[in-house]
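Inspection log for the structure reproduced underneath, given as structure tokens.
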Amino acid sequence: MSSATVAATDNRTRCDAIRHWLSPHRLHCIVLAAYVIVVATVMCFHEPWFDEAQAWLIARDCSWREMILERPHYEGHPPLWWMMLAIPAKLGVPYEMGLKTINLTCAALMIWLLEFKTKLPEVLKGILPFSYFLCYQYGVTSRPYALMVAAMLLVAIN
């Protein structure tokens, strides 16, 4: 067989595998995409509060050692949140863009775990992501709540 035939066969096999996986998960993919679109849209109109800015300033101005060993005693947030924020903050990414991107990523991870890894009834998987807490409080406000829920889901799954 020529290399073009092998490549075409590999692509066809890959497409068949994706179609096979997608058919039972189509609704979950739609819910996840709708959640990300809703949260990203609302984030455009959300003005960060002082406590969201405080986490960004800690991530930007503190050393890694301070974030892990000293600040948690005073702030109450998990160091992982600041460590995630520190990457764009220390690279000079604008405040709102970096903060909201990290939070949207954590919120999408939370809903991905809920949709694809839990054994909840399908009805709950469809409506829970759009509840007040999962959609607004954990999705839009840039605090470590989505990260904590994702961690709890990981513990519950395993």
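936 is the number of the first residue of the sequence shown in the working numbering; add one for each residue after it. Cβ atoms here follow ideal geometry from the backbone N, Cα and C, with glycine treated the same way. Just so you know, these numbers come straight off a predicted model, no measurement behind them.
Element boundaries [alpha helix (DSSP H), containing residue i]
i       : result
His1008 : 1007-1010
Trp1115 : An answer regarding residue 1115 cannot be provided, because it is not within the stretch 936 to 1093 covered by the chain.
Glu982  : Run containing Glu982: none; DSSP gives neither H nor E here.
Tyr1080 : 1080-1092
Met1018 : 1014-1026
Ile1062 : 1057-1062
Whole-number beta carbon distance between residue j and residue i, since they are thought to touch under 8 Å
i       : j       : result
Arg1006 : Ile993  : 6 Å
Met1045 : Leu1088 : 7 Å
Leu1063 : Leu1049 : 6 Å
Leu1034 : Leu1020 : 7 Å
Lys1025 : Arg995  : 6 Å
Val977  : Tyr1071 : 7 Å
Among the options, the one whose alpha carbon lies nearest that of residue i
i       : options                           : result
Phe980  : Cys950, Met1032, Cys964           : Met1032
Lys1060 : Cys950, Asp951, Ala1043, Leu962   : Leu962
Tyr1041 : Asp951, Arg1078, Ser998, Trp984   : Here residue 1041 is Cys; the residue named in the question, Tyr, does not match the sequence. Taking only the C-alpha atoms, the option nearest Cys1041 is Arg1078.
Glu982  : Thr1076, Leu1082, His955, Tyr1009 : Thr1076
Cys964  : Pro1056, Trp1047, Val1058         : Trp1047
Val974  : Tyr1073, Trp991, Tyr1009, Leu1082 : Tyr1073
Thr1036 : Ala952, Ala1081, Tyr1009          : Ala1081
Val1028 : Arg947, Trp991, Pro1056           : Trp991
Ile972  : Ile953, Ala1043, His1008          : Ala1043
Phe1065 : Arg954, Ala968, Pro959, Tyr1030   : Ala968
Thr1053 : Ala988, Gln989, Met1002, His960   : His960
Tyr1030 : Glu1010, Glu987, Cys950, Asp951   : Glu987
Cβ-based burial, residue i [other Cβ within 10 Å; buried from 16]
i       : result
Val1084 : buried
Tyr970  : buried
Trp984  : exposed
His1012 : buried
Glu1057 : exposed
Leu1055 : exposed
Val1090 : exposed
Met1018 : exposed
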